[in-house]
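J.:
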Amino acid sequence: MAGNTEKTLAKLGIALPQAAAPAANYVPFVISGNLLFVSGQLPMENGKIAISGTLGDSVSLEDGQKAARLCAINIIAQAKAALGDLDRVRRVVRLGGFVASANGFTDQPRVVNGASDLMVAVFGDAGRHARAAVGVNVLPLGAAVEIDAIIEFA
Amino acid sequence: MAGNTEKTLAKLGIALPQAAAPAANYVPFVISGNLLFVSGQLPMENGKIAISGTLGDSVSLEDGQKAARLCAINIIAQAKAALGDLDRVRRVVRLGGFVASANGFTDQPRVVNGASDLMVAVFGDAGRHARAAVGVNVLPLGAAVEIDAIIEFA
Amino acid sequence: MAGNTEKTLAKLGIALPQAAAPAANYVPFVISGNLLFVSGQLPMENGKIAISGTLGDSVSLEDGQKAARLCAINIIAQAKAALGDLDRVRRVVRLGGFVASANGFTDQPRVVNGASDLMVAVFGDAGRHARAAVGVNVLPLGAAVEIDAIIEFA
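Protein chains in written order, with numbering that gives the first Met the number 0: chain A, 0 to 153; chain B, 0 to 153; chain C, 0 to 153.
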């Protein structure tokens, strides 16, 4: 049953987590036309924040990139929950990356590359996206990174 | 003349404010296709910021939720100005929530729930939306919360 | 060959820069349907950040507005790279403005007006957009402002 995208995930050694269920009156994704809007995902692993803290302070660049990659894995898990088959993804349109940052930390783009690189590893050229990457002083639950997404599907 | 959504608003005891007029070369909303993009709304009441300051410092969680609810009321007022009839709302697609936060405050999702809960109270299942909730150190005019929206309409 | 919009740019004395090439696995823009999503643009001039630092600290309101205007020029350069002819722009739908801000600086809307005003100067009524303007403590490469865009085209 697994499509090509899921085979790619398997080759990358990535097991998609259970897509996090709605926690409140917002939902993890909404479909409008052929666009899938995915709520801001945190670097959750096994149901809890795997990487918390602040870049430029307690979190290294490498761990920030791992956090961004985890956010991207959770985005893909939501896309699978929404679409059933990840091969329906036509284009990752946009990622919005928020990086918990000390005032002097200005390397947000390299942090968010952890997510961007995974999208291309998983979806190929369809994974190339527009994005914004900004610093913020603090994120929900103390997460190091939060990323949301808009995905075009067929 | 009032549609069902406006009856719901009345039952909730919510009087929509006059939609704030454009303050500059940006406008409070733009329609593209069947999507309504609403500019970031502040917790304005009677023409001024009702709740200013920083969560985790001068603003309590409860007041932050009230601020988020006020932002949502202003989003709905803009939707009415844009669409005429709120019953044309098919889906609140996405809310973007920014919470003015002290460095140690990590409860942004519960703050933004003040807006999410109102959307579902007003629009029912059509009010369930994707969202991002992040902390920032400061917002326009010192507002405690800012929220923008994408709404699908018919 | 220059369309009307490029004539307007020339009258404004604005030479579009070379659109910055993709720096990584994200790209400067993605087209989905008739919407152009432009990645967050920094106040780059001649290939480097022209205005860095923090509003309310080392950067004046006037310089912040210049930074926002530069971001807008870079957005327009990306739109030209994407669409070929800027006269294809039907509407600037949304700008997302992030302003590097000291905790006490609350004038983000006036900063982002530097971009909003340029969009209307260049595109006329089609340049009037929805927007969000928020403060953040720090931006990539120390930039004073970052702005992303959604543009409808024909």
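Even for Gly, the Cβ is constructed at its ideal location relative to N, Cα and C.
Values in this document were obtained by computation on a predicted structure and should not be read as measured data.
Return the residue from the list V144/B, E151/B, I149/B that minimises the CA-CA distance to L60/B.
T.: Against the second sequence, residue 60/B aligns to sequence position 61. Closest by alpha carbon: V144/B.
J.: Could you please give the first and the last residue of the uninterrupted alpha helix (DSSP H) stretch that includes V159/C?
T.: Because chain C spans 0 through 153 in this model, residue 159/C falls outside it and cannot be assessed.
J.: Measuring alpha carbon to alpha carbon, tell me which of V37/A, A9/A, R127/A, A132/A ends up nearest V111/A.
T.: Here residue 111/A corresponds to residue number 112 of the first sequence, with the count starting at 1. Of V37/A, A9/A, R127/A, A132/A, the residue nearest in Cα terms is A132/A.
J.: Does the Cβ of Q17/C have 16 or more other Cβ atoms within 10 Å, making it buried, or fewer, making it exposed?
T.: Stepping through the third sequence from its first residue, residue 17/C is reached at position 18. Label assigned to Q17/C: exposed.
J.: Is it a yes or a no for the stretch 90-105 of chain C touching the stretch 0-9 of chain B, going by three-plus beta-carbon pairs under 8 Å?
T.: They do not touch, by the three-pair rule.
J.: Please compile the residues from chain C whose C-beta is within a distance smaller than 8 Å of the C-beta of A131/A.
T.: Numbered from 1 along the first sequence, position 132 holds the residue referred to as residue 131/A. Correct list: S38, G39, G95, F97, E145, D147.
J.: Kindly indicate the opening and closing residues of the beta strand (DSSP E) around S38/B.
T.: Taking the second sequence and counting its residues from 1, the one referred to as residue 38/B is at position 39. Unbroken beta strand (DSSP E) run through S38/B: 34-40.
J.: On the premise that I74/B lies in contact with V37/B, defined as a C-beta separation below 8 Å, what is that separation, rounded to the nearest angstrom?
T.: By 1-based counting over the second sequence, the position of residue 37/B is 38. By 1-based counting over the second sequence, the position of residue 74/B is 75. Their Cβ separation, rounded to whole angstroms, is 5 Å, which keeps V37/B and I74/B in contact under 8 Å.
J.: Name the chain C residues whose beta carbon is nearer than 7 Å to that of Q107/A?
T.: On the first sequence, residue 107/A is found 108 positions in, with the first residue counted as 1. Chain C residues near Q107/A: P139.
J.: What does DSSP give as the partner residues of D147/A in its beta bridges?
T.: Start at 1 with the first residue of the first sequence, and residue 147/A comes out as number 148. D147/A is bridged to G95/A.
J.: Closest to G123/B by CA distance: which of P27/B, G12/B, D86/B, V137/B is it?
T.: Counted from its first residue, the second sequence places residue 123/B at position 124. Of the candidates P27/B, G12/B, D86/B, V137/B, the one whose C-alpha sits nearest the C-alpha of G123/B is D86/B.
J.: For the beta strand (DSSP E) holding A18/C, just list the boundary residues, first then last.
T.: Working through the third sequence from its first residue, we reach residue 18/C at position 19. Looking at the DSSP string, A18/C is not in any beta strand (DSSP E), and its letter there is neither H nor E.
J.: From A67/A to P42/A, what does the alpha carbon distance come to, in whole angstroms?
T.: Within the first sequence, numbered from 1, the residue matching residue 67/A stands at position 68. Within the first sequence, numbered from 1, the residue matching residue 42/A stands at position 43. Straight-line Cα distance between these residues: approximately 7 Å.
J.: Name, please, each residue of chain A whose Cβ falls closer than 7 Å to the Cβ of F122/B.
T.: Looking up residue 122/B in the second sequence gives position 123. The premise fails here: F122/B is roughly 10 Å from chain A at the closest Cβ pair, so nothing lies under 7 Å.
J.: Does G12/A come out as helix, strand or coil in the three-state DSSP assignment?
T.: Looking up residue 12/A in the first sequence gives position 13. DSSP places G12/A in coil when its eight states are reduced to three.
J.: How would you write the range of the alpha helix (DSSP H) that R68/C sits in, first residue to last?
T.: Within the third sequence, numbered from 1, the residue matching residue 68/C stands at position 69. Segment 60-82, the alpha helix (DSSP H) holding R68/C.
J.: Would you kindly check if the distance between the Cβ of A101/C and the Cβ of V135/C is under 8 Å?
T.: Counting from 1 along the third sequence, the entry for residue 135/C is found at position 136. Counting from 1 along the third sequence, the entry for residue 101/C is found at position 102. For V135/C and A101/C, no; Cβs fall outside 8 Å.
J.: How close, in whole Å, do the beta carbons of F152/A and R93/A come, if the pair is a contact with beta carbons under 8 Å?
T.: By 1-based counting over the first sequence, the position of residue 152/A is 153. By 1-based counting over the first sequence, the position of residue 93/A is 94. About 14 Å; that fails the 8 Å criterion.
J.: Got a sec, what are the start and stop residues for the alpha helix (DSSP H) A132/C sits in?
T.: Translated into positions along the third sequence, residue 132/C becomes position 133. Careful: A132/C lies outside any alpha helix (DSSP H), inside the beta strand (DSSP E) at 129-135.
J.: Do I149/B and L34/B come within 8 Å of each other at the CB atom, strictly closer than that value?
T.: Counted from its first residue, the second sequence places residue 34/B at position 35. Counted from its first residue, the second sequence places residue 149/B at position 150. It is a contact, given that the beta carbons lie within the stated cut-off.
J.: Give a yes or no on whether the C-beta atoms belonging to N24/B and R109/C are separated by under 8 Å.
T.: Working through the second sequence from its first residue, we reach residue 24/B at position 25. Working through the third sequence from its first residue, we reach residue 109/C at position 110. Going by C-beta atoms, N24/B is not nearer than 8 Å to R109/C.
J.: Here's a check: name, in chain order, each residue in its chain whose Cβ is nearer than 6 Å to the Cβ of A80/A, leaving out the five neighbours to either side.
T.: Indexing the first sequence from 1 puts residue 80/A at position 81. Same-chain partners within the cutoff: A18.
J.: Against V135/A, what residues of chain C qualify as contacts under a CB-to-CB distance less than 8 Å, listed in chain order?
T.: Taking the first residue of the first sequence as 1, we reach residue 135/A at position 136. V135, N136, listed in chain order.
J.: Taking the straight line between their C-alpha atoms, what separation do you get for I30/C and S31/A?
T.: One-based indexing of the third sequence puts residue 30/C at position 31. One-based indexing of the first sequence puts residue 31/A at position 32. Computed Cα separation, rounded: 16 Å.
J.: With C-beta atoms as the reference, is L15/B less than 8 Å away from I50/B?
T.: Here residue 15/B corresponds to residue number 16 of the second sequence, with the count starting at 1. Here residue 50/B corresponds to residue number 51 of the second sequence, with the count starting at 1. Against a cut-off of 8 Å, the Cβ pair of I50/B and L15/B comes out as no contact.
J.: Is it buried or exposed, G83/C, if we count other Cβ atoms within 10 angstroms and call 16 or more buried?
T.: Here residue 83/C refers to the residue found at position 84 when the third sequence is read from its first residue. Exposed.
J.: Could you tell me if L138/C is buried or exposed, where buried requires 16 or more neighbouring beta carbons within 10 angstroms of its beta carbon?
T.: On the third sequence, residue 138/C is found 139 positions in, with the first residue counted as 1. Its Cβ being crowded by 16 or more others within 10 Å, L138/C is buried.
J.: Could you check where the alpha helix (DSSP H) with S57/C kicks off and where it finishes?
T.: Within the third sequence, numbered from 1, the residue matching residue 57/C stands at position 58. From DSSP, S57/C is part of no alpha helix (DSSP H); its letter is neither H nor E.
J.: Counting only the same chain and skipping the five closest in sequence on each side, list residues whose C-beta sits under 6 Å from that of L117/C.
T.: In the third sequence, counting from the first residue as 1, residue 117/C sits at position 118. Answer for L117/C: R68, A71, listed in chain order.
J.: Report back the beta-carbon spacing between A114/C and G95/C to the nearest angstrom; my notes put them in contact at under 8 Å.
T.: For the purposes of this step, residue 114/C is identified with residue 115 of the third sequence, where counting begins at 1. For the purposes of this step, residue 95/C is identified with residue 96 of the third sequence, where counting begins at 1. That pair is no contact at about 10 Å.
J.: Should Q46/B be labelled buried (16 or more other beta-carbon atoms within 10 Å of its own) or exposed?
T.: To locate residue 46/B, count along the second sequence from 1; it is residue 47. Sequence check: residue 46/B is Gly here, not Gln. Classification for G46/B: exposed.
J.: Using 10 angstroms around the beta-carbon of K65/C, count the other beta-carbons present and answer buried if the total reaches 16, otherwise exposed.
T.: Sequence index remark: in the third sequence, residue 65/C carries index 66 (1-based). Classification of K65/C: buried, given that the 10 Å Cβ count is 16 or more.
J.: Could you give the distance in angstroms between the alpha-carbon of A20/B and the alpha-carbon of I48/B?
T.: Taking the first residue of the second sequence as 1, we reach residue 20/B at position 21. Taking the first residue of the second sequence as 1, we reach residue 48/B at position 49. Approximately 15 Å, taken between the alpha carbons.
J.: Can you give me the C-alpha to C-alpha distance between G52/C and Q40/C, rounded to a whole angstrom?
T.: Working through the third sequence from its first residue, we reach residue 52/C at position 53. Working through the third sequence from its first residue, we reach residue 40/C at position 41. G52/C and Q40/C: Cα-Cα distance of roughly 16 Å.
J.: Taking the alpha helix (DSSP H) that L117/C belongs to, which residues open and close that run?
T.: Mapped onto the third sequence, residue 117/C falls at position 118. Residues 107-122.
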